[in-house]
Amino acid sequence: MVGDRWVEVIRVASRYYQWNPTTRLSFARVSFGEFRDRIASEHFDGPRVYLQDDVNNFPALKAYYREPQYLARHNLKRTKLWVSGAGLVTPLHFDAVEVLHWMMEGRKRFVCFHPGLRNFYPHGILSTGPFNSQVNADAPDLRAFPRFRRTQPIEFVLQAGEVLYIPAYYWHQVESLDAYNASMSFIWLASMAKNLRYFRQFGRCSGSTKKSSGPSAPTLRAERAGTRNKTTKRARAAQ
1 MVGDRWVEVI
11 RVASRYYQWN
21 PTTRLSFARV
31 SFGEFRDRIA
41 SEHFDGPRVY
51 LQDDVNNFPA
61 LKAYYREPQY
71 LARHNLKRTK
81 LWVSGAGLVT
91 PLHFDAVEVL
101 HWMMEGRKRF
111 VCFHPGLRNF
121 YPHGILSTGP
131 FNSQVNADAP
141 DLRAFPRFRR
151 TQPIEFVLQA
161 GEVLYIPAYY
171 WHQVESLDAY
181 NASMSFIWLA
191 SMAKNLRYFR
201 QFGRCSGSTK
211 KSSGPSAPTL
221 RAERAGTRNK
231 TTKRARAAQ
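Reminder that position 151 of the sequence shown reads as 151 in UniProt numbering, one-by-one numbering, no gaps.
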């Protein structure tokens, strides 16, 4: 679908990339064929490469999918392509946008949490990554981050052909499970009301030692091609 075009990939030192406010991402320009060869030969705990790019840079892909009808009522801002090998972990973070994540090939394990700030130890609001947690959700250091024990994870595996709705401001950590994993994210802006609701938390929690319960939020959910699936929280992608 992509061919052997040149792509810009992200290089990380290990399977678990912990965001650091003092460093920048490292990029490499390779052919897509070379990129696939690299991820096929990666050692489990060694350096990794992965692809994260705007789908408009891959025009041949448009013949293989169509945007979900659900998005017709929203102002779609961006569609991103993700490709990675087995074991790569995207650390715990939230996005300030609404996302439908479609698993095209392979599988991903999601660990998700309701919105909030105090129990997740994000980097400071004035940093370049206030949406990133300092906690590894799979192996939390509860001595360093004791309030994280108060959180309740929602964990599941997203299979090929399924779509997950990730509401804005929901925390999630993601692990690629198969030797080759390809997915696409349909992204649109959160409502102004939702943005204001969660932006207020930054002011309340910055430098504060008080417990913050945070506002109530809708249950994390995914929908099956236009019909809600109440049991699996996942959905089949529209064909």
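The C-beta atom is built at its ideal place from N, Cα and C for all residues, glycine as well.
Between residue i and residue j, is the Cβ-Cβ spacing less than 8 angstroms?
{"i": "Lys80", "j": "Val97", "result": "no"}
{"i": "Gly124", "j": "Asn181", "result": "no"}
{"i": "Val135", "j": "Leu88", "result": "no"}
{"i": "Pro122", "j": "Pro130", "result": "yes"}
{"i": "Phe27", "j": "Val12", "result": "no"}
{"i": "Leu177", "j": "Arg109", "result": "yes"}
{"i": "Met103", "j": "Ser191", "result": "no"}
{"i": "Phe148", "j": "Asn195", "result": "no"}
{"i": "Glu155", "j": "Val111", "result": "yes"}
{"i": "Val49", "j": "Arg66", "result": "no"}
{"i": "Val99", "j": "Leu51", "result": "no"}
{"i": "Leu189", "j": "Asn75", "result": "yes"}
{"i": "His101", "j": "Ser185", "result": "yes"}
What residues match up with residue i in a beta bridge as DSSP calls it?
{"i": "Ile187", "result": "Arg78, Val99"}
{"i": "Phe110", "result": "Phe156, Val174"}
{"i": "Thr151", "result": "DSSP output for Thr151 lists no bridge partner at all."}
{"i": "Ser31", "result": "Trp6"}
{"i": "Tyr56", "result": "Tyr is not the amino acid found at residue 56; the sequence shown has Asn there. None; Asn56 has no bridge partner."}
{"i": "His93", "result": "Asn132, His172"}
Residue i and residue j look like a contact to me (Cβ under 8 angstroms); what is the Cβ gap, rounded to whole Å?
{"i": "Gly85", "j": "Ala179", "result": "6 angstroms"}
{"i": "Phe44", "j": "Arg15", "result": "7 angstroms"}
{"i": "Lys77", "j": "Ile187", "result": "5 angstroms"}
Would you decide whether residue i is buried or exposed? Buried here means 16 or more other CB atoms lie within 10 Å of its CB.
{"i": "Gln152", "result": "exposed"}
{"i": "Pro47", "result": "exposed"}
{"i": "Thr90", "result": "buried"}
{"i": "Tyr64", "result": "exposed"}
{"i": "Ser213", "result": "Its pLDDT being 36, under 50, Ser213 is placed unreliably by the model, and nothing is read from it."}
{"i": "Arg5", "result": "exposed"}
{"i": "Val174", "result": "buried"}
{"i": "Phe199", "result": "exposed"}
{"i": "Gln201", "result": "buried"}
{"i": "Pro68", "result": "buried"}
{"i": "Gly207", "result": "Any reading at Gly207 must be qualified, since the residue scores a pLDDT of 46, below 50, and its modelled position is unreliable; the value itself is stated next. Exposed is the call here."}
{"i": "Ala60", "result": "exposed"}
{"i": "Arg137", "result": "The sequence as given places Ala at residue 137; Arg does not occur at that position. Its Cβ being crowded by 16 or more others within 10 Å, Ala137 is buried."}
{"i": "Lys211", "result": "Because Lys211 carries a pLDDT of 35, less than 50, the predicted location of this residue cannot be relied on, and no value is offered for it."}
{"i": "Asn132", "result": "buried"}
Say whether chain C places a C-beta atom closer than 8 angstroms to the C-beta of residue i.
{"i": "Pro59", "result": "The structure shown contains no chain C; it holds only a single protein chain."}
Does the beta carbon of residue i fall short of 7 angstroms from some heavy atom of the ligand MN?
{"i": "Gly161", "result": "With respect to the ligand MN, the structure offers nothing, as it holds no ligand at all."}
Legend entry - Contact between the segment 107 to 120 and the segment 168 to 178 (3+ Cβ pairs under 8 angstroms): yes
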